[in-house]
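One structure is given here, and the rest of the page talks about it.
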Amino acid sequence: MPPQTEILMELHDLTIHELHDRLKRKEVSSVEATRALLARIEAVDPKVNAYITVTPEEALAAAQDADRRIAAGDIAPLTGIPIGLKDIFVTKGIRTTCASRILGNFVPPYDGTAVARLKEAGAVIVGKLNQDEFAMGSSGESSAFGPTRNPWNLECIPGGSSSGSAAAIAARTATATLGTDTGGSIRQPASHCGCVGLRPTYGRVSRYGVIAYASSLDQVGPLTRDVTDCALMLQAVAGHDPLDSTSVDLPVPDYTKALTGDVKGLRLGLPKEYYIAGLDPDVKMALDEAIETYRGLGVEFIDISLPHTDYAVATYYLVATAEASSNLARYEGVRFGHRAEGAASLIDMFRKTRAEGFGAEVKRRIMLGTYALSSGYYDAYYLKAQKVRTLIMQDFLKAFETVDAILTPVAPTPAFRIGEKTRDPLQMYLSDIFTIPVNLAGTCAVSVPAGMSGNGLPIGLQLIGRPFGEETILRAAHAFEQATAWHQRKAQI
Amino acid sequence: MRFQPVIGLEVHVQLKTDTKIFCGCSTKFGAAPNSQTCPVCLGMPGALPVLNKKVVEFAIRAGLATNCRIAPRSVFARKNYFYPDLPKGYQISQFELPICQNGHLDIEVTDLNSISSGCQGGKEEATRAYSDVRRGADDEVNAGRRLKANSVKRIGITRIHMEEDAGKLVHSDIPGLGSGSGVDLNRACTPLLEIVSEPDIRSADEAVAYLRKLHQIVVYLGICDGNMEEGSFRCDANVSVMPVGSTTFGTRTETKNVNSFRFVKQAIEYEIERQIELIGEGGKVVQETRLFDPGTGETRSMRGKEEAHDYRYFPDPDLVPLVISNDWVADVALSLPELPEARRSRYRSELGLSDYDAEVLTATREMAEYFEACIALGAPAKGAANWVMGEVTRTLNEAGKGIAECPVTPERLTALLQLIEKGTISGKIAKTVFDEMWSSDKAPEAIVEEKGLVQVSDTGEIERIIDEIMAANMGQVEEFRGGKEKVFGFFVGQVMRASKGKANPAVVNELLMKKLKGA
Amino acid sequence: MKITKAEVDAVALLARLELTPEETETFTGQMDAILAYVEKLNELDTSGIVPTSHAVPVENAFRDDEVRPSIGVENALANAPDRVEGFFRVPKVIE
Ligand SMILES: [Mg+2]
Ligand SMILES: [Zn+2]
Chain A
345 MPPQTEILME LHDLTIHELH DRLKRKEVSS VEATRALLAR IEAVDPKVNA
395 YITVTPEEAL AAAQDADRRI AAGDIAPLTG IPIGLKDIFV TKGIRTTCAS
445 RILGNFVPPY DGTAVARLKE AGAVIVGKLN QDEFAMGSSG ESSAFGPTRN
495 PWNLECIPGG SSSGSAAAIA ARTATATLGT DTGGSIRQPA SHCGCVGLRP
545 TYGRVSRYGV IAYASSLDQV GPLTRDVTDC ALMLQAVAGH DPLDSTSVDL
595 PVPDYTKALT GDVKGLRLGL PKEYYIAGLD PDVKMALDEA IETYRGLGVE
645 FIDISLPHTD YAVATYYLVA TAEASSNLAR YEGVRFGHRA EGAASLIDMF
695 RKTRAEGFGA EVKRRIMLGT YALSSGYYDA YYLKAQKVRT LIMQDFLKAF
745 ETVDAILTPV APTPAFRIGE KTRDPLQMYL SDIFTIPVNL AGTCAVSVPA
795 GMSGNGLPIG LQLIGRPFGE ETILRAAHAF EQATAWHQRK AQI
Chain B
1126 MRFQPVIGLE VHVQLKTDTK IFCGCSTKFG AAPNSQTCPV CLGMPGALPV
1176 LNKKVVEFAI RAGLATNCRI APRSVFARKN YFYPDLPKGY QISQFELPIC
1226 QNGHLDIEVT DLNSISSGCQ GGKEEATRAY SDVRRGADDE VNAGRRLKAN
1276 SVKRIGITRI HMEEDAGKLV HSDIPGLGSG SGVDLNRACT PLLEIVSEPD
1326 IRSADEAVAY LRKLHQIVVY LGICDGNMEE GSFRCDANVS VMPVGSTTFG
1376 TRTETKNVNS FRFVKQAIEY EIERQIELIG EGGKVVQETR LFDPGTGETR
1426 SMRGKEEAHD YRYFPDPDLV PLVISNDWVA DVALSLPELP EARRSRYRSE
1476 LGLSDYDAEV LTATREMAEY FEACIALGAP AKGAANWVMG EVTRTLNEAG
1526 KGIAECPVTP ERLTALLQLI EKGTISGKIA KTVFDEMWSS DKAPEAIVEE
1576 KGLVQVSDTG EIERIIDEIM AANMGQVEEF RGGKEKVFGF FVGQVMRASK
1626 GKANPAVVNE LLMKKLKGA
Chain C
319 MKITKAEVDA VALLARLELT PEETETFTGQ MDAILAYVEK LNELDTSGIV
369 PTSHAVPVEN AFRDDEVRPS IGVENALANA PDRVEGFFRV PKVIE
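Following this line, the structure appears as structure tokens:
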């Protein structure tokens, strides 16, 4: 191999902070790093299908800008770093599909807040990542652009809905990515792909410019190679946004400062409802080992109860689908996106457009949500679910009276095979059992690599924090990462 | 059988804010199609609404002025339905927890109203009789808004809520439109208040009285431009009929978007008659939405509704609850202008004006404020009232101007009134001075001075004129002395003419009478 | 059965989805299973529980009444499937 290629092969493996150090020392330019990533995408993405749209021209132009900034001594942690975005983020002048046919060739006239903040920080956007259609799914299989494959085993799902965001980290086709998490859509694919994934507290990151699935549950967060990167990404996008009424006006702490490595005396809760009989033995083993590791670091474990855990999936599939049925009403072929040909009337046009544009999972959820809100069923389904949501929230608040964070599995099993659960939606929904309660409670949680299954698939652990307690869970995740080597493993692809 | 109509009104008031309710786009009327739009009001993927604070303030104003309770906590909800002028597929409105509830307005009604809601046969006759009264009243008052106030009736206001307007559909006059419709979203997301009355209204005339009053209030409050042609104030009428004496309401119909007082009256009267006839023929009223056709004065069923509506309201997760403190309400209350009703009673009790004068002067906030500015500057109440209602209004009407653009300021008018009061000029001369002020921007004193218009009250001077005129008209003097007192007027006229209108009429009267009687 | 095919068709109309007979069939079965599953919420007594519609206790988010530039007609219409003279065009709306 010529030496040039060798350098490129290394660049795509770097974390944000590693690449940042080299950029700062001017050992490498952002253009070189971006070229390396683009080459890597070209080489491996046909196998993984993590990208829907790659934007080499825009990326190289941004990289040149970043290099100019760096030359002028103006370098922020993300300046010149190649980053991929879930295709749920609207991007000015770049086709945005949300992995749905119904958006057609929609080219947004604006950037969302998180994207604008990344650009402001000097990040280089390399492309738009595959996902479940409208973020509805746990496997990445509902994309109109074909399923994303797990770089650790191409026959397996990468998890979802931020499937491309996780797979691109594992395949090393992006230095870091941004995803969204409505019911586990960052943490579950992060766990399945062996990367770090953070779902911040609801309101911590603006949702402006994020295509809505379930507005009261959606939250933006990073997927990265390690916890330090995760903190850096969160730092760049967090904070109040006057364009999102639900974003919270609280100061943003310095998240990297929280990564002290010191977790002595930290109290971690173990909720009995999460350590259930059906738990996969490999997952169980990874958790047991993690607990031992933490004990060695001076962490104190406390048995706790989150009594309404068993009702979370049912609650979620009523609340999320109800909101989705309304959020997705705007896709009817009038102002943008796909429009069916040859409709006889307006109502016909609406119905045909939506029938052609939406995939089966999206239709199913629109149907369920429409039903849950409809006259005569509202109280029994939607309102009931909202009340149970209150109980689930209270479970967590009560638990946080005695613990600093909660340690749980992310998913009951490692990644399953493509096609394994597509026939039975309910079984698919139940695979989100450990991540969904966090969304209903509106709090934060992080997934960190914590083991490998017998057949070579990554397993993550979940640390759940109190609302706006990102610093605590990042500190705990970072300490674990320092004590173990799971995050250094690479998928061979 | 005699029938009793039952009417409830839903009024949509477009608020006079600079920007839309959930985005910063301008609300200016008449812009090029889709030129006042952004991702939010276009319902683009990813866009989120942020509430315009002014809209809340305006809603509180409306609530206070209609005696509502302002909710300490209210919530926005989504009303879900598909229509091409509704970009998001839902309208952001309020449902379970609106900002204002439990208010009322008092309207003045004539006794004829109770007749007009009587039996089928008598109805038309009663209506005709009633409109004759109305016409008389209309002649009496230019504003055309006065009823013969026989009694006061309270109309309950169920609720007032905030919501966004939809866009506009255009079906013709677009080159190349073909068989389609055009969608213009400039109006989408414009702030509206929906004011919902209780079904307390019993006739078309009560409905109109209620609407006029509500219209006057929202314009007074400065929250709505009141322009009905542009749709700033539009009304949906819920109408049903029930046998007199019944306590169970009949099935109602909803006639949508009627945008003039006259049309509201026509639409309701048509609907009452139609329903009574239908029931009389053994038919049944169907609960439905109807459309008023201003061309025929009739309502017709809106067909093409392929399903019953199920709006699936639920709290909008994109907007946070609205919490209004007592302090905020108190601040808004302090900023409220005095409303017409309070003004009228103050004009009567403090200024000693008649009901009629008080009503005319408070017809618009601008006129009342002009009038009050004069009073504050020391103008006599009755004189100011007569001048504002008379000369000022007449001249403004001729010029096609509103009182806000009146070239004669309250200061100038007051100065003029004071010249009359002091006897410096006569009322007649004052009109000349007023006309001069209108076009010249000069103070009345300067005009009087310049043109030598000072009134002659000097008895010697006037006596001299009277003597001359009596000498020249001895025949008429004899007539007067012979008992024909009518010729007195002739002499007054002659004296005034000889003095070029400057003689003080009171002095002229007194001296003439003395001299003619030969004293 | 929690839901019938006829109900599924009515919901599809409300949601403006045109379903094939096969889809109606499939969705009826799947929705029935999901609705049966969510029945478990009825095990909980929620009387007196305040429903949660927002994940964080934020209230009163406002903007000032200040005009911000619009995006312009061309940007507004750029993605329209059909347009005419500054308008979005749709099949004739009958009122
Ligand atoms: Mg309304
Ligand atoms: Zn706008």
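Residue numbers (this note's numbering), protein chains in the order written: chain A, 345 to 837; chain B, 1126 to 1644; chain C, 319 to 413.
For glycine and all other residues, C-beta sits at the position ideal for the given N, C-alpha and C.
Out of the options, point me to the one whose CA is closest to residue i's CA.
i	options	result
Ser444(A)	Asp455(A), Ile438(A), Gly437(A) and Ile432(A)	Ile432(A)
Leu1336(B)	Glu1289(B), Leu1447(B), Gly1347(B) and Asn1384(B)	Asn1384(B)
Thr440(A)	Glu1182(B), Phe1220(B) and Gly1171(B)	Gly1171(B)
Arg379(A)	Glu401(A), Leu641(A) and Tyr546(A)	Glu401(A)
Arg733(A)	Val368(C), Ala330(C) and Pro339(C)	Val368(C)
Ile1224(B)	Leu1140(B), Leu1230(B) and Leu1189(B)	Leu1189(B)
Gly471(A)	Ile635(A), Gly528(A), Ile385(A) and Glu464(A)	Ile385(A)
Ser560(A)	Ala684(A), Gln730(A) and Asp748(A)	Gln730(A)
Thr568(A)	Ala405(A), Ile425(A) and Ala403(A)	Ile425(A)
For the beta strand (DSSP E) that contains residue i, what are its first and last residues?
i	result
Ala1202(B)	Phe1201 to Asn1205
Leu727(A)	Note, Leu727(A): premise wrong, no beta strand (DSSP E); not H, not E.
Residue range of the alpha helix (DSSP H) that residue i falls in?
i	result
Met772(A)	Pro769 to Leu774
Ser791(A)	Looking at the DSSP string, Ser791(A) is not in any alpha helix (DSSP H); the run it does join, the beta strand (DSSP E), is Cys788 to Met796.
Pro533(A)	Arg531 to Cys537
Cys574(A)	Val571 to Val581
Leu1476(B)	Pro1465 to Leu1476
Lys1293(B)	Segment Lys1293 to Val1295 is the beta strand (DSSP E) holding Lys1293(B); no alpha helix (DSSP H) there.
Tell me, please, which residues DSSP counts as bridged to residue i.
i	result
Pro1419(B)	According to DSSP, which records beta bridges pairwise, Pro1419(B) is partnered with nothing at all.
Ala749(A)	Leu612(A) and Gly809(A)
Glu1137(B)	Reading the sequence as shown, one finds His at residue 1137(B) and not Glu. Glu1319(B) and Arg1359(B).
His1286(B)	Glu1319(B)
Ser1218(B)	Ala1202(B)
Leu542(A)	Val790(A)
Pro802(A)	Met796(A)
His1229(B)	Gly1281(B)
Ile646(A)	Gly613(A)
Glu1586(B)	Beta-bridge pairing links Glu1586(B) to no other residue.
Cys500(A)	Arg761(A)
Gln1129(B)	Met1367(B)
Kindly examine ligand 3 and report whether one of its heavy atoms sits closer than 7 Å to the Cβ of residue i.
i	result
Glu1289(B)	The model on display carries ligand 1 and ligand 2 but not ligand 3.
Item to check | the segment 693-709 of chain A in contact with the segment 640-659 of chain A per 3-pair CB rule at 8 Å | outcome: Output reads no: the segment 640-659 of chain A does not touch the segment 693-709 of chain A.
Next on the checklist: I'd like to know if the segment 1593-1600 of chain B and the segment 1568-1584 of chain B are in contact, where contact means that at least 3 CB-CB pairs between them fall below 8 Å.
Outcome noted: Using a C-beta cut-off of 8 Å, the segment 1593-1600 of chain B makes no contact with the segment 1568-1584 of chain B, since fewer than three inter-stretch Cβ pairs fall below that distance.
Checklist entry - Taking contact to mean at least 3 C-beta pairs separated by less than 8 Å, is the segment 419-431 of chain A in contact with the segment 514-525 of chain A? => result yes
Item to check | Residues within the segment 1188-1219 of chain B neighbouring chain C, beta-carbon criterion of under 7 Å | outcome: Phe1207 and Pro1209
Item to check | Interface positions of the segment 368-389 of chain C facing chain A (Cβ-Cβ less than 8 Å), listed along the chain | outcome: Shown in chain order are the members of the segment 368-389 of chain C whose Cβ falls below 8 Å from a Cβ of chain A: Val368, Pro369, Thr370, Ser371, His372, Ala373, Val374, Val376, Ala379, Arg381 and Ile389.
Checklist entry - Going along the chain, which residues of the segment 700-723 of chain A sit with their C-beta nearer than 8 Å to a C-beta in chain B? => result Thr714, Leu717, Ser718, Ser719 and Tyr722
Checklist entry - Looking at C-beta atoms only, is the number of pairs between the segment 468-476 of chain A and the segment 446-457 of chain A that lie closer than 8 Å three or more? => result no
Next on the checklist: Would the segment 501-510 of chain A count as touching the segment 479-489 of chain A if we require 3 or more Cβ pairs under 8 Å?
Outcome noted: yes
Checklist entry - What residues in the segment 670-690 of chain A bring their beta carbon closer than 9 Å to a beta carbon of chain B? => result Ser670, Asn671, Leu672, Ala673, Arg674, Tyr675, Glu676, Val678, Arg679, Phe680, Gly681, Ser689 and Leu690
Checklist entry - For the segment 1157-1171 of chain B, which residues have a CB atom closer than 9 Å to at least one CB atom of chain C, in sequence order? => result Ala1157, Pro1158, Asn1159, Ser1160, Gln1161, Thr1162, Cys1163, Pro1164, Cys1166, Leu1167 and Met1169
Checklist entry - When you check each C-beta in the segment 1132-1145 of chain B against every C-beta of chain C, which residues fall closer than 7 Å? => result Listed in sequence order: Thr1142, Asp1143 and Thr1144.
Item to check | Short-range partners of chain C found in the segment 1294-1310 of chain B, where Cβ spacing is below 9 Å | outcome: Leu1294, Val1295, His1296, Ile1299, Pro1300, Gly1301, Leu1302, Gly1303, Ser1304, Gly1305, Ser1306, Gly1307, Val1308, Asp1309 and Leu1310
Checklist entry - Can at least three beta-carbon pairs, one atom from the segment 1279-1286 of chain B and one from the segment 808-828 of chain A, be found at a separation below 8 Å? => result Using a C-beta cut-off of 8 Å, the segment 1279-1286 of chain B makes no contact with the segment 808-828 of chain A, since fewer than three inter-stretch Cβ pairs fall below that distance.
Checklist entry - Looking at chain B, which residues of the segment 453-468 of chain A have a Cβ within less than 8 Å of any of its Cβ atoms? => result Pro453, Tyr454 and Gly456
Checklist entry - Three or more beta-carbon pairs under 8 Å between the segment 664-677 of chain A and the segment 708-724 of chain A, yes or no? => result By the Cβ rule, the segment 664-677 of chain A counts as touching the segment 708-724 of chain A, because three or more pairs are nearer than 8 Å.
Item to check | Inter-stretch contact at 8 Å, needing at least 3 Cβ pairs: the segment 1445-1457 of chain B / the segment 1192-1206 of chain B | outcome: yes
Checklist entry - Counting Cβ pairs closer than 8 Å, one from the segment 1502-1519 of chain B and one from the segment 1535-1550 of chain B, do we hit at least three? => result Between the segment 1502-1519 of chain B and the segment 1535-1550 of chain B, the count of Cβ pairs shorter than 8 Å is three or higher; the stretches touch.
Checklist entry - For the segment 421-436 of chain A, which residues have a beta carbon sitting closer than 9 Å to at least one beta carbon of chain B? => result Ile432, Phe433 and Val434
Checklist entry - Given 8 Å as the limit, is there contact between the segment 1410-1417 of chain B and the segment 1156-1175 of chain B, that is, 3 or more CB pairs closer than that? => result no
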